[in-house]
Structure formats: C-alpha cells, structure tokens
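If you want the working numbering, it's the 1-based position in the sequence shown plus 200.
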Amino acid sequence: MSHLVDTSEMYLKAVYELQEEGVVPLRARLVERLEQSKPTVSETVARLERDGLLRVGDTRAISLTDEGRRQAVHVMRKHRLAERLLIDVLGMPWTDVHVEACRWEHVMSDAVESRLQTLLEETGVDPYGNPIPLPGSDDPRGTSAANSGLVSLKKWLAKKNLADGGSREVTLVRIAEAVQTDPGLLASFQQAGILPGARLQVTKRGKGVRAGVPGGDDIELTVFDQAHLFVK
C-alpha cells in the first residue's frame, strides 16, 4: 500500500479497520497495516492529531475524534459500496475488487454514493462479509467482531486446543481488510471454499492448521491468516 491516494483518509480508515477487528490501534499496527516507516507514521499521526481527527492516549492507543470518525465511516462506506458495485454489477473477480475499491473510495462523489445505495440490493455487508456502515453511523467498535459475537480463527483455535490430526467445523463470517490486499491469497481461499458464510473444517497438522469445506480441498493457513478470519 505504498501509493496512497489520500493519506488522511487511509490513516483514518486503517484506525477504523483496527477498531472493527477489536485490535488496539497503535502506531506499530499502522506501520504494519499501511506498510510505511515508523517516522512517516509518527509524523502523519501527529498531523492528524493537530487537525483534530485523531487522539493519542496516555497508553499510546489511537482513537478517532468525532470528526475523524465521521470521515472514516464516510470513506469506508464508499469503499464497501464500490466493492459491491464491482462484483454485483460489473462482474469483477472476487479476488480483485478490494484493491480496485481502494482507488474508488477516494474519488467517489456523495451523489454517486447515494445512487449506489439505491441501485444495489441492500445486503448490509461487503463481498467479504464485513458490514457496510450506514450513513451517519457511529463508532466502528459497535460493529466490531467481538460485539457481533465473532472471534478470530486464531483465538477460536486457542480455545479448542485441537490435538494433532484433530478437526472441528466452524462458520466463517468475515474476512478482514488486512488479507484482502493479496489476490493470490484470496484465490487460494476461493479454491478451498473459504468464503463468508461457508462451513469450514479446520484441522491441526503438526504445528500448522489447514482449512476448507468438508469433503473438499483444504489449504494451510498462516497465523496471520487465522488472525484475520472471523468465525462463529
């Protein structure tokens, strides 16, 4: 994500994503999410704090101000509506719509956003199972994974403590933004049936974890993958 179209919007959106995933937004998390250097992230966060869009607390946790939240919700709504348009109307491959929508979110006018809302069937979620914010929605923590009764596959596995060769089934609900940037990974998910709403069979193999639909092919999931797949 080295070519940011609008730096302020991308940072606000990244904080929104982290809160939605139940991750405490820190500068270190923004370095990872935006693939930018520590000095660049620190400078940009300081600027957004001066502009009244972010707050940095005593524990270094970053939060959105009311205006920052309004802008973050606005850009995330456009992003996820663009994803629905690209896949539902234009028929773009599921693996590619996220990256394309990252461009559209910064140039879409409010009039087009409103028209898309009318044109698209209201599903309430993007093609990866994440909620499309309503106009004027409040804190992203309200639709966070935890508040929606979801848990990351990583945490779910820790609770199940599967033995080597053991397997359990679980329903995938959301694929978080952080893994949507890799079309190759998404293609692997798609081939194995790792899609929102799918019932997955998760198997422990040595130190690794494999997942797929029951009776079909499965793939190995990294710890990073597991942390960004939300299940119930």
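Every residue, glycine too, gets a C-beta built ideally from N, C-alpha and C.
Treat the numbers as computed from the prediction; the structure is a model and nothing was measured.
Relative to the alpha-carbon of residue i, which residue among the options has its alpha-carbon at the smallest distance?
{"i": "P396", "options": "V325, S208, P333", "result": "V325"}
{"i": "L334", "options": "M276, S263, T381", "result": "M276"}
{"i": "G384", "options": "R410, V299, S242, E220", "result": "V299"}
{"i": "Q317", "options": "V289, H306, G329", "result": "V289"}
{"i": "A398", "options": "V423, G406, A411", "result": "A411"}
{"i": "A308", "options": "P331, K278, A261", "result": "The amino acid at residue 308 is misidentified as Ala; the sequence shows Met. Considering only alpha carbons, the answer is K278."}
{"i": "L285", "options": "W304, V231, F424", "result": "W304"}
{"i": "G416", "options": "G393, F424, D425", "result": "G393"}
{"i": "P225", "options": "Q236, P239, G257", "result": "G257"}
Among the residues of its own chain, which have a CB less than 7 Å from the CB of residue i, if the five just before and after it don't count?
{"i": "I287", "result": "W294, V297, P327"}
{"i": "R247", "result": "none"}
{"i": "R229", "result": "L218, V223"}
Could you check if residue i is buried or exposed, using at least 16 other CB atoms within 10 Å of its CB as the buried criterion?
{"i": "S352", "result": "buried"}
{"i": "T371", "result": "exposed"}
{"i": "T323", "result": "exposed"}
{"i": "R280", "result": "buried"}
{"i": "V373", "result": "buried"}
{"i": "P502", "result": "Because the chain spans 201 through 432 in this model, residue 502 falls outside it and cannot be assessed."}
{"i": "R315", "result": "exposed"}
{"i": "E283", "result": "buried"}
{"i": "V245", "result": "buried"}
{"i": "A301", "result": "buried"}
{"i": "L264", "result": "buried"}
{"i": "A345", "result": "buried"}
Near residue i, what residues of its chain come up, given a Cβ to Cβ distance below 8 Å and the 5 sequence neighbours on each side ignored?
{"i": "S367", "result": "Q401, V402, T403, K404"}
{"i": "I262", "result": "V215, P225, L226, R227, L230, V245, L254, R255, V256"}
Just to confirm my understanding: we take residue i, look at its own chain, exclude 5 residues before and 5 after, and list those with CB closer than 6 Å. What are they?
{"i": "V409", "result": "L421"}
Quick one: Cα of residue i to Cα of residue j, how far?
{"i": "Y216", "j": "G406", "result": "35 Å"}
{"i": "A358", "j": "N347", "result": "20 Å"}
{"i": "V379", "j": "E220", "result": "14 Å"}
{"i": "T259", "j": "K355", "result": "24 Å"}
{"i": "D423", "j": "N330", "result": "Sequence inspection shows Val at residue 423; the Asp mentioned does not correspond to that position. Distance between the alpha carbons of V423 and N330 is about 20 Å."}
{"i": "E369", "j": "D418", "result": "13 Å"}
{"i": "G349", "j": "V312", "result": "33 Å"}
{"i": "I375", "j": "T381", "result": "11 Å"}
When the cut-off is 8 Å and only beta carbons count, does residue i lie next to chain B?
{"i": "R315", "result": "Absence of chain B from the displayed structure is noted, only one protein chain being present."}
Is residue i close to the ligand FAD? I mean its beta-carbon at under 7 Å from any heavy atom of the ligand.
{"i": "V297", "result": "Ligands displayed in this structure: none; no statement on the ligand FAD is therefore possible."}
Report yes or no: do three or more beta-carbon pairs, one from the segment 410-430 and one from the segment 370-390, lie closer than 8 Å?
yes
Tell me, please, whether the segment 237-253 touches the segment 208-223 by the rule of three or more beta-carbon pairs shorter than 8 Å.
yes
Should the segment 349-369 be regarded as contacting the segment 268-275, the criterion being three or more beta carbon pairs within less than 8 Å?
no
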